[in-house]
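Peer 1:
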Amino acid sequence: MESKVKEINIVGFLCNWCSYAGADMTGLGRNIYPSNIKVIRIPCTGRMDPMMIIEAFHNGADGVLVSGCHPGDCHYTEGNFYWRRRYPHLKSLLEHFGVDRRRFHASWVSASEGKKFAEVVKKVYAEVKDWKDNG
Amino acid sequence: MLKVAYFPGCSLSSTAKEYDISTRLVCEDLEIDLVEIPDWICCGATTAHITSELTAAALPAKSLVWAEKQGLNITSPCSACFSRLKMAHLHIEKDPKLKKEVEEVIGEKYNGKTEVMHLTRILIEQYGIENIKAKIKKELKGLKIACYYGCLMTRPAEVCVNDRVENPMLMDNLVKALGAEPVKWYYKTECCGAGFSLTKTEIARKLSGDILKEAKDCGADLVMVACPLCHSNLDARQPEIAKLIKTELNIPVLYFTQVLGLALGYNSMDLMLNKHFINPKPLLKAKGIL
Amino acid sequence: MDKELQEIIKKLLAEKKVDWAIGYEKAYDELSTRPAFVQDANDTARLIFNKYCINNLGLYLTKFKKNKLAVVCKGCDIATVFELIKEKQFSRENVVVIGVACEGVLDKKTGKQLEKCENCRVKQPKGADFTVGTGKDSAAPKNFLDVVEFEKKSSKEKAEFWNRQFEKCIRCYACRNVCPVCYCPDCFANRTMPEYLNKNVDAEENKLFHMIRMQHVFGRCTDCKACDTACPVNIPLTLLTKKLAKDAKELFNYESGADMDVLPPLSTYNEADSESDIL
Amino acid sequence: MARIGVFVCHCGTNISGVVDVSRVAKYAESLPGVKVAVDYKFMCSDPGQNTIIDAIKTHNLDRIVVSACSPRMHELTFRNTLERAGLNPYMVEMANIREHVSWVHSDNKELATEKAMKLMEMSVSKVRRSEVLTKMFAPIEKRALVIGGGIAGIQAALDIAAAGYKVVLVEKESSIGGRMAQLDKTFPTLDCSACILTPKMVAVSQDKNITLLTYAEVTEVSGFIGQFEVKIKKKAKSVNSKCIGCGVCVTKCPNKKSLSDFDGRLGPRKAIYTLFPQAVPNVPVIDRETCTFFLTGKCKICEKVCPTSAVDYTQQDELITEKFGAVVVATGFDIYDHSSYGEYGYGEIKDVISSLQFERLISSSGPTEGHVVRPSDQKEVKNVVFIQCVGSRDESKKRPYCSRVCCMYTAKQAMLLKDHYPETQSYVFYIDIRAAGKNYEEFVQRAQNDYGVVYLRGRVSKIYERGNKLLVKGADTLSGAQVEIEADLVVLANGLEPRKGAKEFSQLFHMSSDQYGFYNELHPKLAPVETAISGVFVAGCCQSPKDIPDTVAMASATAAKVCAIFAKEKMEVEPLIAGVNQLTCSGCETCYNVCPYSAIEMKDKEVKRGEVRHVAEVLESVCKGCGVCVGACYSKAVDLKGFSERQILSQVETATMPITNS
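Written out as C-alpha cells, the structure reads:
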C-alpha cells in the first residue's frame, strides 16, 4: 500500500559550516525537494551523538540523514572523520536490531552544493518511501 | 651451510654453459649447496611478459612455489631469469586478482615466502666478502676490471635490493676483495642493446660499442658481467664492433663466477675460458694469473 | 593447579605486592563457584579454579581502583583487563594478572560448554604476569556463523525477533551490572536530565536501552558473555555482543583488548577510512 | 516556567508567499510556555527588532524564537536585539522557514506551512532548554614569541614590535638572517639580497621592544593562548656581552678544519666564527666540538687576542622560562638533499652542486668571493647545465609537490651567471615553467630572450664524469631528441622541504603537519596563518614552499593576528563550548583522545569530598566548540553549550511528533 507523503517523517542533522549552509544554498537556488525532512542544526558531524539517532528512530522517525563537510574540509579539521567511523558501525548495529538500512543515511554536502542537497533529500525520501511501501 | 634453490635457465644450458659450470664449481668450492629445481620450466623471458601478464607471472610462480615448499630462497645466475622470477613475485604480491588467477593456473597456493636473490647477492652478501677472502688461493693483483651490471639486475629499482640503482657496487666490492682493481666508470648499468640483438643489430652494436669503448678508455683490462645476454653482446659481437668503430678493442669479457674461480685457483679448463670469442688467456698469462 | 594458584597469591599477599586478590571459590554446591576476595595471605586455601568458574573477574577491578590488586583471569578475561587499562580505569602497575589455563567453562543451568569456548584461541592465557597450567588453543579463528545467519533475515523479521525478546526483559539491569566495561559513574539509563530513557518497562523502551548500551560498548566489549549468562530471562545478548565483535573486526580491523597500543575504533580515525555508503 | 515570545517573519513575500505565517503564529500560541506570538513583515528591520524589544518588556519574556531566515544570516542580529532588551543574548533560537521552507517547498503551500510550524515548534522546544551563557574572558600575557630569525620571523617581530608589544625572537644559529642571507640576488628585480635584508636585521637589533635570543632553541611549551609558558635553551656562546664585534679572534683563530654550512660546505670555517660578515648580533661563537681548546685544552689564542676580554670558556648552556600570549612559528626550510638521485651521481660528483651552493659561489661575500669556479679544480666554467625539479614534482622521491621558487631562482642564477661571465652558456632542463607572480613570467622570458639561456623541456637521465667535463644526457621532449651536453658545472634546483626535526618541533605545540612535515594551517583558504592551536601562527616556508614576498606578507599577517589578540584587555571567548560534568566522568580519556584542539586536560581531582578521581576538564580558552568529545563520550559527562544533549533531544522528539491542535 502506498503511504501518503505526509506520513513520512525524516530527521536531518546538518553541520553548521557545510551542509546547513549547503541547504541554505538550495533555498537560494529555489531547488524544490520533499518537505518531509526536518532539519536540526549541529556544529559538526563530530558532535553527532549516536544516541540521538537511536532516539530519533525510537521516537518514530521513518528516516534519518546526517550530513557534513567533505572529508578534509571540516571546519574543525577532523570532526567528520570521527563521524565517518561512527556511521557504518551505527548503521550496521541498527540494522541488526531491525532498523532497515534504507532508513538511515549520511552524506557530504558542501556549502556550495545546494543542488546536491536537494538530490540527497530526494534520494533519502525515495529510499524511506520504498521501505514504507514495500517493507 | 648455505642452501639455496638453483634455477639455471635456458641460456646457462646452452650459450652460457661456462657460466653454469663456473657457478656450480665456485659454489661447490665455497660450500654453498645449490639445489637445482627439478623440471624447472622457462622463466618466460621475453615472450611471456610482452604478451600475457598471467603467463609471465605463472611460469616463474611454479618454480617459486617449489622453492617455497623446500623452505629455500631461490637464485639464478642469469639476469633475465632473475628479473622474471623477481618481477613475477612482486606483481603477484601487489595484485590479489592476479594472485588468484596464478594459483588457479598452477593449481597451488602461492604464499610468497621465498626471496628471489641474484647469485651475486647470494655470494657477496649472504656468503660474505670476508668469507670469500678467506678462501682465496690466488690474488688477482694488477688486474683492472670494469664491472658491468646491465639493466636486468638493477631495474626497476625494486629488484635492486641493498645496492644503488644508478651506481651498483656489489661486484666492484667483490673485485676489490679478490685483489684486483675495480675501474671507476659510468656505464655500469647502460643498456647493451640485447633487446635489439637480432632485430636491429646496429643498435645493439652501437650501444655495446659505447660500453666497451668506455671500459677501455677508463683503463679496464677486462669486463666482468653477470648476464648471458650482456656477455654475448659484448664478447661475441666485439670483433664486428671493433671493425665498425675502427678501434682495436680486444677486451676479454668474463662472467663474475669465472673471475672468482680464477681467484679460487681454478684453471682455464675448469672455468671453460676457451669458450669466449675474445681470448682472455694472453691477458691472464701476462698478469701472472694463469 | 589450585595449589599453585594459591601459592602465587599467598606470596603476593605476604610480600605486600597487592592489597587484595580476586579469585574464585566454591559456592553452595559442586557446580557453583563465586568470586572470592582475599586480603589475608593465610586465607588463600579457599581459592580454586575449575570449569564452573564462569565469571569475568575483570568486573571487580573498576570497583577497587585505589588498591593494588591481583586478579585471576581466564585467557578471555585478560582482554577485559587490557581494555580497562586502555581506558585508564587503572594502571598496569596496579594489577597483577594471574592467568589460568582453561579448557572451557560450563553453564551450570544447561551443563553445556559456553559457545565462546569452542574456538577459543586463548586457552593458554596471553599477557599475564603469572600463568598457571597449560592449555591448548584452538587453531580455528572465532566464527560468526550465527550472526551471519541472523543477518540474512529481513529487517522486519529482525525487528519482530527482538520485540519478542525484549518483551521478556524486566529491565533488572543485570546485564549492565555484570558488564566490566559498563563502569560509568552514572549510567544513561538512570539519568533524568536529559531523560534518554523512560522508566516504564515495555518492549520498545527495553529495546532502546539495549540499543544504546550496545552502541556504548562497541569497540570496548570483549564479547565475554557475562551479560548473556547473567540474564534471568534468557535474552540472547550474545547475538548482539558477537555482532559488535564482528563489526569491529570487519569495519575497523579491531579486536577489543588485543593490542594495548591501538586506540578503540571510535576514539581515532584514518584519513583513508571507507566511505562507500555515504551519499 | 519559561516565558517565550515567537516572532514570525513574512520577509516581504519571500516567506508569506508560500507559508501561511498567521497560522504559524497561531500554532505557536498553543505551545506550552509561549506567551506571545506575532507575525511581521520584516523582523530584521529596525521596527521589527523593536517589536521584539517591546514584547519582551510588555510580556516579561525571557526567551525568543524568530521564525525567519537562516540563523547563518541573522542569528547575530537577534542576539544583539536581545542584549539591547536586557536579555541574555543566547536565549534566542531561529527557525529557518525561508531557505529551508518557503524557497524549497513552494510546490505545496499546505505542506510548507506545516513544516514551518514544525520547525518553529522545534525551536520553541530547544529554546526552552537554553541556558544563560556568559561570554568568557581570559587574561593575556602581552608578549609574543617569534621562533625563527629568517625573513619571516624578522618581519613578524618588527611588525608586532611596531605596534608597541614586546617580542622575543629566538634563532638557533648565531645570527638572524636565515636562508635569505645566503642568497646573492633576488628575483624578479635582481636586487641584492643582503642590501634589502641587512637593514631589517639591524632594525631588529635596535628595536627596544625586541629581545633577540640567538644560538637558542625552544625546548618545552605548555599552556594555551594568552598564557603560553615556554622553556628556551640559550646555548653557551663562549663569548660574553663585552664583545664589540671587532673580529680579531676570528682572524687569528688557527683552526679552520671545519667547513662552513652557511657557505654550502664550499669553504672553511674557523672554530670561533660569525655566520657571515653582516651577522646580527655581530658576536662570534665558539663551536665547542671543533675548537682546539675544548678538544685538547690548549690554544686559547682567541682569549689572548680579544681586546675586551669577551671570550669566556666557562659559559654554560642556560635554560630560561618565559610567558607569552601568542607565538609565531617561522622555522623555515631545508633544501632537498640530492644524494638520493643516483642519476645525478648520488651527491658524490663534486661539480654537481645544489642551488644554494651556487648562490654562495656567485655571492661576493661567498667562499670564492663571487667567482663561479668548479669545486673540483677551481677552474672557471663555460657551459653550465641547470636541472629543475630535484626533489619537487617527483613521486618516486615522495615529493610530488611543486616547490614554487625553483623555476624563478634557476632563471635568476642563469642570468647572473651571464652577467658575470658573458662568454658562458647556460642550459635549463625543466618540466614546466611555473612563473606565476608579479613580473615573474616576464623575468623568465628575459632569461630566454635577452640572456640566451637555452631551455630544454625534459629530464636528465644521467650525468657522467668524462675527463674533466660532465656529460649530461637528457631528453628534449619538444623536439623528441636525445640531448648530450658537455658541461663544466651542473646546478640542481633542489626543492624545498621542512627543516630537519620539524615533526618533533611541531609536537612541542601539538601542531599538526602534512605528510611531508609542513605545518598545517587552520583552513587552507580562510585561515592560512592560523593553526589548529589557538594563539599559534605560522609564517613562511615551514607551512609550505613560498617566495620572499609571500613569506613577508604571511609574516605581517601573523603579526596582525597577534596584535589583534593583544589589543584586547582580556580575551573574549565564545561560550558555545564543551563542559565536563566531573561527577559523571569516568576518566576514560576518550574525549582527550579525540579533541582536535587538545582542549581537554586530564586531571586527578577531588570531585566529591574525599574522592579523588581521574577526570577530564575543558580548557575554555582553547575549546572551539566542535562537540566531537560529546559525540564520543559514552558516560555522557561532556556536553556542549548551545547544542546540549537536552536541546537536541527535545528537537528530535518534537520533530518526530505529529502537529497537534492545528
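In the order they appear, the protein sequences are chains S, Y, C and X. By the working numbering, the letter at position 72 of the first sequence is numbered 819, and the numbering carries on one by one without gaps. By the working numbering, the letter at position 93 of the second sequence is numbered 95, and the numbering carries on one by one without gaps. By the working numbering, the letter at position 213 of the third sequence is numbered 331, and the numbering carries on one by one without gaps. By the working numbering, the letter at position 425 of the fourth sequence is numbered 523, and the numbering carries on one by one without gaps. All C-beta atoms, glycine included, are put in the ideal place defined by N, C-alpha and C. Quantities reported herein were computed from a predicted structural model and do not represent experimental measurements.
Quick check: the Cα distance between Tyr-314 (chain C) and Ser-782 (chain S), rounded to an integer number of angstroms?
Peer 2: Along the third sequence, read from residue 1 onward, the residue named residue 314 (chain C) stands at position 196. Along the first sequence, read from residue 1 onward, the residue named residue 782 (chain S) stands at position 35. Near 28 Å, if we compare the C-alpha coordinates of Ser-782 (chain S) and Tyr-314 (chain C).
Peer 1: Nearest-angstrom Cα distance between Glu-322 (chain C) and Ala-210 (chain X)?
Peer 2: Here residue 322 (chain C) is taken as the residue at index 204 of the third sequence, counted from 1. Here residue 210 (chain X) is taken as the residue at index 112 of the fourth sequence, counted from 1. Looking at the two C-alpha atoms, the distance is approximately 32 Å.
Peer 1: Measuring only between beta-carbons, confirm whether Ala-376 (chain C) sits less than 9 Å from chain A.
Peer 2: The structure shown has no chain A; the protein chains it does contain are S, Y, C and X.
Peer 1: Of all the residues that make up the stretch 185-215 of chain Y, which are near chain X by a beta-carbon distance shorter than 7 Å?
Peer 2: Listed by position, the residues of the stretch 185-215 of chain Y near chain X (Cβ gap below 7 Å) are Tyr-188.
Peer 1: Look at Arg-196 (chain X) and Cys-109 (chain X) and say whether their C-beta atoms are less than 9 Å apart.
Peer 2: Position 98 of the fourth sequence holds residue 196 (chain X). Position 11 of the fourth sequence holds residue 109 (chain X). In this structure, Cys-109 (chain X) lies closer than 9 Å to Arg-196 (chain X) by Cβ.
Peer 1: With 9 Å as the threshold, decide whether the Cβ of Arg-788 (chain S) is near any Cβ in chain X.
Peer 2: As a first step, residue 788 (chain S) must be located in the first sequence, where it is residue number 41. True, the Cβ-Cβ gap to chain X drops below 9 Å.
Peer 1: Leaving out the 5 sequence neighbours to the left and right, which residues in its chain are closer than 6 Å to Val-634 (chain X) when beta-carbon positions are compared?
Peer 2: Position 536 of the fourth sequence, counted from the start, is the residue given in the question as residue 634 (chain X). Only Val-425 and Phe-607 meet the Cβ criterion.
Peer 1: So, are the CB atoms of Ile-127 (chain C) and Ala-145 (chain C) less than 9 Å apart?
Peer 2: For the purposes of this step, residue 127 (chain C) is identified with residue 9 of the third sequence, where counting begins at 1. For the purposes of this step, residue 145 (chain C) is identified with residue 27 of the third sequence, where counting begins at 1. No, these two residues do not count as a Cβ contact at 9 Å.
Peer 1: My output table needs one value for Ile-102 (chain X): the three-state DSSP class, helix, strand or coil.
Peer 2: Along the fourth sequence, one-based indexing puts residue 102 (chain X) at 4. It is a strand residue.
Peer 1: Would you check if the distance between the CB atom of Asn-164 (chain Y) and the CB atom of Thr-116 (chain Y) is smaller than 9 Å?
Peer 2: Counting from 1 along the second sequence, the entry for residue 164 (chain Y) is found at position 162. Counting from 1 along the second sequence, the entry for residue 116 (chain Y) is found at position 114. No.
Peer 1: Could you name the residues of the stretch 437-453 of chain X whose beta carbon sits closer than 7 Å to any beta carbon of chain Y, in the order they occur along the chain?
Peer 2: For the stretch 437-453 of chain X, which is checked against every Cβ of chain Y, the residues closer than 7 Å are Gly-440, Glu-441 and Tyr-444.
Peer 1: Cβ-heavy atom distance between Ile-294 (chain X) and the ligand FMN below 8 Å?
Peer 2: For the ligand FMN, the structure offers nothing, since it holds no ligand at all.
Peer 1: If you reduce the DSSP assignment to three classes, tell me which class Cys-505 (chain X) lands in.
Peer 2: Within the fourth sequence, numbered from 1, the residue matching residue 505 (chain X) stands at position 407. Note: Cys-505 (chain X) maps to helix in three-state DSSP.
Peer 1: Here's the rule I'm using: 16 or more other beta-carbon atoms within 10 Å means buried, otherwise exposed. How should Asn-173 (chain C) be labelled?
Peer 2: For this step, residue 173 (chain C) is matched to residue 55 along the third sequence. Looking at its Cβ environment, which holds 16 or more other Cβ atoms inside 10 Å, Asn-173 (chain C) is buried.
Peer 1: Among S:Leu-837, S:Cys-816 and S:Asp-880, whose alpha-carbon lies nearest the alpha-carbon of Lys-863 (chain S)?
Peer 2: Mapped onto the first sequence, residue 863 (chain S) falls at position 116. The residue with the shortest Cα to Cα distance from Lys-863 (chain S) is S:Cys-816.
Peer 1: Per DSSP, which one or two residues make a beta bridge with Met-192 (chain X)?
Peer 2: Position 94 of the fourth sequence, counting from 1, holds the residue named residue 192 (chain X). Note: Met-192 (chain X) sits in a beta bridge opposite X:Val-164.
Peer 1: Are the CB atoms of Lys-333 (chain X) and Ile-418 (chain X) nearer to each other than 9 Å?
Peer 2: Numbered from 1 along the fourth sequence, position 235 holds the residue referred to as residue 333 (chain X). Numbered from 1 along the fourth sequence, position 320 holds the residue referred to as residue 418 (chain X). The answer is no: Cβ separation not under 9 Å.
Peer 1: Mind listing which residues of the stretch 162-185 of chain Y have their C-beta closer than 7 Å to chain X's C-betas, in chain order?
Peer 2: Answer in chain order: Arg-166, Val-167, Glu-168 and Asn-169.
Peer 1: With a threshold of 6 Å on Cβ separation, who are the neighbours of Ala-222 (chain C) within its own chain once the five nearest residues in sequence on each side are excluded?
Peer 2: As a working mapping, residue 222 (chain C) is identified with position 104 in the third sequence. The amino acid occupying residue 222 (chain C) in the given sequence is Gly; Ala does not appear at that position. The residues are Gln-231 and Cys-235.
Peer 1: Compile a chain-ordered list of the residues in the stretch 201-232 of chain X whose CB is closer than 8 Å to at least one CB of chain C.
Peer 2: Of all residues in the stretch 201-232 of chain X, none has a Cβ within less than 8 Å of some Cβ in chain C.
Peer 1: Can you tell me which of C:Ala-366, C:Lys-183 and C:Ile-288 puts its alpha carbon nearest to the alpha carbon of Lys-325 (chain C)?
Peer 2: Position 207 of the third sequence holds residue 325 (chain C). It is C:Ile-288 whose Cα lies nearest to the Cα of Lys-325 (chain C).
Peer 1: Using 9 Å as the limit for Cβ to Cβ distance, is Pro-781 (chain S) near chain C?
Peer 2: Position 34 of the first sequence, counting from 1, holds the residue named residue 781 (chain S). Not an interface residue.
Peer 1: Pro-145 (chain X) lies in the alpha helix (DSSP H); which residues open and close that run?
Peer 2: Here residue 145 (chain X) refers to the residue found at position 47 when the fourth sequence is read from its first residue. Here the alpha helix (DSSP H) through Pro-145 (chain X) covers 144-157.
Peer 1: Is Met-609 (chain X) close to chain C, meaning its C-beta is less than 9 Å from at least one C-beta of that chain?
Peer 2: Locating residue 609 (chain X) in the fourth sequence gives position 511, counting from the first residue. No, Met-609 (chain X) lies away from the interface with chain C (no Cβ there is under 9 Å from its Cβ).
Peer 1: Does Leu-246 (chain Y) pass the burial test, meaning 16 or more other C-beta atoms within 10 Å, or should it be called exposed?
Peer 2: For the purposes of this step, residue 246 (chain Y) is taken as residue 244 along the second sequence, with counting starting at 1. Classification of Leu-246 (chain Y): exposed, given that the 10 Å Cβ count is below 16.
Peer 1: Cβ of Tyr-146 (chain C) less than 9 Å from any chain S Cβ?
Peer 2: Mapped onto the third sequence, residue 146 (chain C) falls at position 28. With 9 Å as the cut-off, Tyr-146 (chain C) does not count as an interface residue toward chain S.
Peer 1: Is it true that the CB of His-157 (chain X) sits closer than 9 Å to the CB of Lys-133 (chain X)?
Peer 2: Walking along the fourth sequence from the start, residue 133 (chain X) turns up at place 35. Walking along the fourth sequence from the start, residue 157 (chain X) turns up at place 59. A contact, by the Cβ cut-off of 9 Å.
Peer 1: Report yes or no: is there a C-beta of chain Y within less than 9 Å of the C-beta of Glu-493 (chain X)?
Peer 2: Sequence index remark: in the fourth sequence, residue 493 (chain X) carries index 395 (1-based). No - not a single Cβ of chain Y is within 9 Å of the one on Glu-493 (chain X).
Peer 1: Could you check where the alpha helix (DSSP H) with Gly-211 (chain Y) kicks off and where it finishes?
Peer 2: The residue you call residue 211 (chain Y) lines up with position 209 of the second sequence. Here the alpha helix (DSSP H) through Gly-211 (chain Y) covers 203-219.
Peer 1: Cutting at 8 Å between CB atoms, please list the residues of its own chain near Leu-357 (chain X), excluding the five before and the five after it.
Peer 2: For this step, residue 357 (chain X) is matched to residue 259 along the fourth sequence. Once the five neighbours on either side are set aside, the close Cβ partners of Leu-357 (chain X) are Arg-363, Leu-364, Gly-365, Pro-366 and Arg-367.
Peer 1: With DSSP as the reference, please indicate the residues paired to Phe-235 (chain X) in a beta bridge.
Peer 2: Numbered from 1 along the fourth sequence, position 137 holds the residue referred to as residue 235 (chain X). DSSP output for Phe-235 (chain X) lists X:Glu-670 as bridge partner(s).
Peer 1: Taking only the alpha-carbon atoms, compute the straight-line gap between Leu-620 (chain X) and Asp-771 (chain S) and give it to the nearest angstrom.
Peer 2: The residue given as residue 620 (chain X) occupies position 522 in the fourth sequence. The residue given as residue 771 (chain S) occupies position 24 in the first sequence. Each residue's alpha carbon lies about 24 Å from the other.
Peer 1: Less than 9 Å separating the beta-carbons of Glu-315 (chain X) and Lys-270 (chain X)?
Peer 2: Position 217 of the fourth sequence, counting from 1, holds the residue named residue 315 (chain X). Position 172 of the fourth sequence, counting from 1, holds the residue named residue 270 (chain X). Closer than 9 Å, so yes.
Peer 1: Applying the criterion that 16 or more other CB atoms from any shown protein chain within 10 Å of the CB defines a buried residue, is Leu-131 (chain C) buried or exposed?
Peer 2: Walking along the third sequence from the start, residue 131 (chain C) turns up at place 13. That one is buried.
Peer 1: Enumerate, from N- to C-terminal direction, the unbroken alpha helix (DSSP H) stretches of 4 or more residues contained entirely within the stretch 214-286 of chain Y.
Peer 2: Whole alpha helix (DSSP H) segments, 4+ residues: 230-233, 240-246, 258-265 and 270-273.
Peer 1: Taking 9 Å as the threshold (beta carbon to beta carbon), is Gly-845 (chain S) in contact with chain C?
Peer 2: As a working mapping, residue 845 (chain S) is identified with position 98 in the first sequence. True, the Cβ-Cβ gap to chain C drops below 9 Å.
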